[in-house]
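For the protein sequence lines, the chains are W and P, in the order given.
Throughout, our numbering is defined as the position within the first sequence, counted from one, plus 264.
Throughout, our numbering is defined as the position within the second sequence, counted from one, plus 192.
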Amino acid sequence: MTAAYVELACASHFSFLHGASNGVDLLARAFELGHVGLGIADRNTVAGVVRVWLALKDARTKCHETLGEAPPDFKLVTGARLVFADGTPDIIAYPETRHGWGRLCRLLSTGNLRADKGDCVLRLEDLLAFHEDLLLIVLPASTRREDEGVERKVEKQTILPPDEGEALFSSNVIPAQAGIHRAAGAGFPVDSRLRPTAEVYPERLPCRQSRGGNDEGERDNDGRERGNVIPFPQQPTHDILTRALATLRAVAPDRVWLGAAMRRSGADQRKLAKLASLARNADVPLLAINDALYAAPEDRPLQDVLTAIRLGIAVQEGGKRFESNAERHLKSPAEMARLFRDCPEAIEEALRFHQRIRFDLEHLKYEYPHEPVPNGWEPLAWLRHLVEGAALRRWPDGVSAKVRAMIEEEFKLIATRPDLPYYFLTVHDLVRFARSKGILCQGRGSAANSMVCYLLDVTPIDPAEHDLLFSRFMSEDRDEPPDIDVDFEHERREEVMQYVYERYGRHRAGIVATVIHYRSRSAVREVGKALGLTEDVTTRLVSTVWGSYSSRMEEERFKETGFDLHNPEIERLNHFVAKLLEAPFPRHLSQHVGGYVLTEHRLDETVPIHHAAMEDRTFIEWDKDDIDALKLMKVDVLALGMLTCIRKAFDLIRDFDHPGQGQGQTYELRTLPAGQADVYGMLCEGDSIGVFQVESRAQMNMLPRLRPRTLYDLVIQVAIVRPGPIQGNMVHPYLRRRQNKEKAVFPSPAPPHDPHELRGILGKTLGVPLFQEQAMKLAIVAASFSPSDANKFRRAMATFRNVGTMPQFEEKMVGGMTKRGYSEEFARRCFDQIKGFGSYGFPESHALSFAILVYASAFLKKRHPAAFCAALLNSQPMGFYAPAQIVGCARDHGVEVREIDAAHSDWDNKLEPGAGAPAVRLGFRQIDGFKEEWAQAIMATRGTIRAGDPAQRIEALARAARLPARALRLLADADAFRAFGYDRRQALWEVRRTPTDALPLFAAADARELGQEEDPQLPVMPLGEHVAADYQTTRLSLKAHPMSFLRTLFAAEGVLSSAQVNDARDGTRAKVAGVVLVRQRPGEGKAIFITLEDETGITNVLLWARDFEKYRRPVMASRLMEVHGILQKSEEGVVHLMGAHVIDRTFMLDRLSEEHETRAQLSRADVFEHPQLPRDNVPRGRHPRNVRILPASRDFH
Amino acid sequence: MLAENIWRLGSEKLLPGMGRGTAAEGGGGGGLRLGESRVESPLHRSSTTARSTSRLRGYSLPPAGCQSPLRPPPHSGEELPIVFVEKLNNAMRLTALSRAAIALGLTPNLTLADARARVPELVALDRDHQAEARLLARIVAGCVRYTPMAAAEPPDGAILDISGCAHGFGGEMGLKADLVRRLKASGITAFCAMGDTPEQARALARFGHKTKDLLALPVEALEADAAVTLALRRAGLKTIGDLARRPRKMLAARFGDLAIRLGRLLGEQDRHISPERPLPPIFALRRFAEPIARIEDALACLEELGHEAAKSLLERHEGGRRFVARFFRSDGAILPLEVATGHPTRDPALLIRLFRERVDVLSDPIDPGFGFDMIRLDIGQCEALVARQDDHLAPSRHAEDLAELIDRLSVRLGARRVHRVRSENTHIPECAATVCAPSSPPTWEAAPEGEPPMRPLRLFDPPQPVGAVMSEVPDGPPMRFTWRGKNYGVTRWEGPERIAAEWWRRRDRGGRPRDYYRVEDAAGHRFWLFRHGLHESGGTPPDWYLHGLFA
């Protein structure tokens, strides 16, 4: 008889820093070794099980499809290794049924929600409360780490509601053997029945006395408040083990095993004999395991490295803290049989155990919450009702045939899936809530293809008007849930999120997790440290990894830093880093930016819930892909800064009602006058500072060339200036065709096919494929892809960079197109373009949603520049530019901007009546370090400050608003007491002695506390010093530009101003100097773009990479930079200075004032100061917000 | 010149009571020398700690490349831009820079990432404040050659009160020159200045490199809070003179202790410095009118001296580790005897026991000749020893007994012949134990109860190859083997204990594991054998070795 075996104690790399192998590798290895199945049990988590399960499922289908064979009999079982905080030995728990899974998730949630993010505090009594339908393997040791088992303060723990008696019957979980419990527990919380009583659990385990002993909480080193810290217990002794077995056997007579492993540690056989007798005495069966941490013995070094990372030591110091050998891998059934030859029944027991498990993740059934459907309505009917009603309001004269056809098509599809109506209604519910609170929101992404979404007011785009394809959003053959992403104002999104928790409860709503993987930087850092390299070395290595595009540390990177791969230490580092990056290796769980999973029944019976690092957030431990695989649906609640800005601008305009200066118009995003020529005119000139999406340097340069005149032009503008199209060489063909320098040609296929088919697909973009939809349609129509192939093609595009599946599509597409009569050259060009934009391509619908915001912000900027400026400042930080440039731009457009003043300003920047047009009054929020509560207090005292001399008025203000000394000093330093009659210097001298805590006697008498003081005779502050101090305190100055003070000096050296540069002829040699605003290194990093600002405007400098290396120091260090170079002027009038020589003139700023360092703030787009978060090349971890701004720039520190 | 300028200032604003017992010297130097304290501070040029490292370079830099074998060799001839970094607010920031780094435009407080972006070839080292403090302490200790009143001003300054001390060095300027020369010789750049008060000297040393005029010093010289300095500058008050001209009341109302700082800087107020003085060594001696000739008497006398020394040690809360007794013979010969203990002690009884041990084992016994006329006991090395109360309920003297035993054995056998075996943090058996000093703490974990010893007490070095091993493939125990020409048949065995090689010591991350077995033959001999490597199909069978014998 051939041996059979199944490993039931196998940790994947989701046992963070314990397990060293990918679950899928484990699966493959187990299969290869001929195991009958595999059990994945990670430490207090089930985060990794879905991907393994999915891999097996995929393999089965593939097997079925390609080989036509019946899939092999291999059963994956999923559970968790429970690591207790109270000294109980580890217990591996596998759910036998769906009910058991629910219990396991509840159990883990309970532990998670007691602790901070990443920790789980479990006690044996928790298991006793949730033991039903769980098969338990008790292990002889505990693997609790010293840093685990820290409770939150009791009041900060999240308590999920217990099961109510009534709730039991609506539960989607049907317990298998819980009939008796049910009967007895009707109307009684299940939990309390099973809570350990003295009879069941006579003696408490050691260390438990500490509980409750320290509820006061204490602060750890980081100042974080901690609750009860359960002291680190000793390893469980024989007695504890016996007692734990007895306790568990008492509640779960036939569901307890004792696990034994043979690790080749010398006395294995004796230990096995002892465990066998222990098991016999406790009357539980012995079960064979190998407690695997990795797939193959070769993985041991990696596991040691992970252990070293966990312990914060170098491997050289690891010694006995590491395993002594490489035995913790999956072993062949024959070897296991040999190891357990003294106890073959243990192996049989493992097989029996495995067979007994009936649960499969397949059994997780998902139901949408019922909340959005009113009583008495069927969800589909209610959705229909809402949509029809909206259609009637939208088109009171009746719906066009096209729209009608779209609605019918969509409903046809919606009706096929019973949960879909719920999904639409849930999103609608969120949007409705946001609207009711006045929070702007707008759907983005592929949902804009749907007429139903449009009519439900989720998306702003009428798909009929733009010929959008519903099938791009969802289709029958795309067997995945739809994805509606809704953006909310970034400052008020939290309200929406809390609404979700409130409406559905924390046990039914959770944010999706994001698995944070090791990326080159973090891998090099941590592995380097674990290998004993100094921080200096790893920092140097990391410094050359630009972004995280490289999934491997390439050899060149090492060479660049002067390290040789033949050096054994470096070679070793490279080896392990590559191992961590190839998988990719998870590092920890984090919360997704805004994806919620909502369920009808308890979510915590489907997946464990965790505390997020952010206050008031709870998230589940599965990520987006896991959710998709299990067909749970997710609602995205995203944040978008521009929506905040637009709403604030609307509010400012509405509330500003001064005769002749604005009538307090009420705007709404939907009803904004469309197609205004002056708005497009402004954009055509490249005047777009602050405008959504098109404010980057590259976009600004493109605007005068593209000359957008319609909304669709903006769609193209948004989509075209992106790394994909730029690298795919689409920009120039499109521009040439648009400027009528070249005819758009649409090759035709051979006769039987429609000769105009390409015109239909690419007509809107003049024959250049710009959008993902076009690529897909091209594949379907011109290359005869089946829709499901096209969909795979779409996914391949998205993951093109790291998965080499594109070549096979190239052949298929080129072959398909040539077969239909297109020239091969044309077909290849099409494919190259598609390949070019790869994952950076925008879907058209997404670009459309954004274009609407582009137009809205441009409209505000043109028509209401003052309100737009104030709203932008009030929404900071967002966008590309620093407040100084936003204010400068507004002033260039004739807006009067007034200084911060204690007597006039509010917290926010606001509008004031000005000469002919509204003026902007800067608010206290522009002062670094000023607090909103102080501002509110000052605002509340308006009008109560009596006249008097300046010092009296300041004192009165300080007393009335109860301002602390710091607030007064900040105001004085920001020169905000001018209305009281003091300039900065006088004010700061005065406030330093202004008492802030009124003595009771003086307060009662309302008398001045301060006597007159003789005149200190301070010297007058020169304007240069004022400007420098302005920059220091508020990062902008309305008094003058710093460069204006230096102009005569520079002029004497022959340095031109920006205005002169922009007027000079093409090809002129010029010197220019200015304050550095932005330094960018887009695309492949061949050139550096630097923007310099002086009092007359800005100059764009371009520096080639080789020159950059020469001038690295001045480029990186300058705040005031002088550049010599040659001017290049494009036809559209865009001027660039091709830098040839860079000089750091920062010290000149000292001339303004030798005391005040003039700190010009770099724009938020500066890649050096604000490095772009490296994007994950795996789309799963990508932050949806990152889609917005930049052409991928590389940080090259 | 410099001294004169300061002097003039000082003399105008001389306060009574400023003299520190040196008034007697008055009249020496043309009226200006009257009763003033001289404070000199060998300080680094700037108040920024940053630059201080250039002076520390000689000390705090580890020898080139010792931190990592990967550091590229220093460029020959040219100075490397070295910076010292510290983690401040969660970012690595430069806190001290070498001259070469300053010349490249780097500044303190810059983040390391920024600095590296500008100067990729930067050499960044971790700042070691303790090493700096130690260096400063050594400098201050060395300054005792000039004055007993020398105090460290951490992190990078020192104050010397040289009132009345300068004449030995050719006057103040001579003293200063000597100080600078000596510091320079040890690779330290020092900036010195003299003033009437410590603050004055400090300010001049740090900020006086452009001007020696106190009133022209920048307000930073007050070393007030950064916010206060900024406020003064914003108010347009940029020099000490600007402040000195305004009423002190005005400053006090706004800036708290600024007025006091100003007063001290201007020499209107003084503060005392607390110099560090080394403690005198402890010894006890006895002279005899008549030389004593009997060893017993001499040892009895030594015991009395021991009691005296113990009294002094007790006062200081210290115990001695090394004791030297010297017997002065009347013919002029001095016979030294030295004993050392593993732990600090001040127990005279113990001491005398050790001395007796020592006398007993002398190969060349003490010859009193015509007698000793003096006996002296020196405590060569002291360590802190806090008074301890014995546990009267369970007087467990076990540890002390052992320590005493170790001391006695060391004295008798020689200090290098008594060892303790320490467990090392490794699985590899032959590396798992090393010898160390007997006084180091025990490191072995207690063996689990009821378990037989897993390792023999002594190992063969190197392991002995054994032949003709019969074992079950792949991982069975040896059933029969030959060692030193003799055959052994295994009757009982346990194992294997598999110990893998330490992969990090190998280039290929590999290495053969060893399977250890404890085996017993029919005659009851117990062996510790291992198979070196695993059976691989097709490969040569692995070798076997005997690594040790159990009893």
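Even for Gly, the Cβ is constructed at its ideal location relative to N, Cα and C.
Look at M671 (chain P): its C-beta is not under 8 Å from any C-beta on chain W. When DSSP states are grouped into helix, strand and coil, C909 (chain W) belongs to the helix group. Using a CB distance below 7 Å, the part of the segment 672–703 of chain P facing chain W consists of E686, G687, P688, E689, R690, I691, A692, W695, W696, R699, R701, ordered along the chain.
When Cβ-Cβ separations below 8 Å define contact, G725 (chain P) makes no contact with chain W.
Look at Y1295 (chain W) here: in three-state DSSP terms it is helix. For D1408 (chain W), the enclosing beta strand (DSSP E) begins and ends at 1399–1408. For R1257 (chain W), the closest alpha carbon among the candidates P:F480, P:A444, P:P634, P:R291 is that of P:A444.
Around the beta-carbon of C1133 (chain W), 16 or more other beta-carbon atoms lie within 10 Å, marking it buried.
The C-alpha of A541 (chain P) lies about 7 Å from the C-alpha of E495 (chain P). N617 (chain P) reaches chain W at E581, G582, G583, K584, R585, counting residues in chain order whose Cβ is nearer than 9 Å. DSSP places V943 (chain W) inside the alpha helix (DSSP H), whose first and last residues are 941–948. In the DSSP annotation of this structure, the continuous segment of the alpha helix (DSSP H) that includes C717 (chain W) starts and ends at 715–719. Out of W:G1180, W:A1334, W:V569, the CA that lies nearest to the CA of G1318 (chain W) is found in W:A1334. Interface criterion met: the Cβ of G297 (chain P) is under 8 Å from a Cβ in chain W. Listed in chain order, the positions of the segment 1379–1413 of chain W with a beta carbon within less than 8 Å of a beta carbon of chain P are M1380, A1381, D1408. Between I748 (chain W) and L399 (chain W), the C-beta spacing is not below 8 Å. When the beta-carbon positions are compared, R426 (chain P) and D1237 (chain W) come within less than 8 Å of each other.
Taking each of W:A698, W:M1380, W:I1150, W:A645 in turn and checking the Cα distance to I678 (chain W), the smallest one comes out for W:A645. For S1322 (chain W), the enclosing alpha helix (DSSP H) has its first and last residue at 1322–1327. Assigned with DSSP and collapsed to three states, Y358 (chain W) falls in strand. For P705 (chain P), the neighbours in chain W by C-beta distance under 8 Å run, in chain order, N589, A590. In the structure shown, I1354 (chain W) adopts extended strand secondary structure according to DSSP, grouped into three states.
Membership of P536 (chain P) in the beta strand (DSSP E) is indicated by the continuous run 526–537. Per DSSP, reduced to three states, the secondary structure at I775 (chain W) is strand. In this structure, W:P1182 is the residue among W:P1182, W:K898, W:V341 with its C-alpha nearest to the C-alpha of D919 (chain W). Shown here for V806 (chain W): same chain residues with a beta carbon closer than 8 Å to its own, the five before and five after excluded, namely S784, R785, V788, R789 in chain order. A check of alpha carbon separations from G582 (chain W) across P:V665, P:I432, P:I620 identifies P:I620 as the nearest. Just so you know, the alpha carbons of T374 (chain W) and T863 (chain W) end up roughly 18 Å apart. Inclusion of L377 (chain W) and T309 (chain W) in the CB contact set at 8 Å is not warranted, their separation being larger than that value. For the pair of segments examined, the segment 515–522 of chain W was found not to touch the segment 573–581 of chain W: the number of CB pairs separated by less than 8 Å stays below three. Taking a Cβ-Cβ threshold of 8 Å, none of the residues of chain W is close to V613 (chain P); the smallest such distance is about 16 Å. Against V665 (chain P), chain W offers no close residue; the least beta-carbon distance is about 11 Å (beta-carbon pairs closer than 7 Å). In this structure, the straight-line span from the alpha carbon of T571 (chain W) to that of S276 (chain W) is close to 14 Å.
Scanning chain P for C-beta atoms nearer than 7 Å to the C-beta of E1277 (chain W) yields M442, reported in chain order. A distance below 8 Å separates the beta carbons of R614 (chain P) and S632 (chain P).
The continuous stretches of alpha helix (DSSP H) do not include Y782 (chain W), and DSSP gives it neither H nor E.
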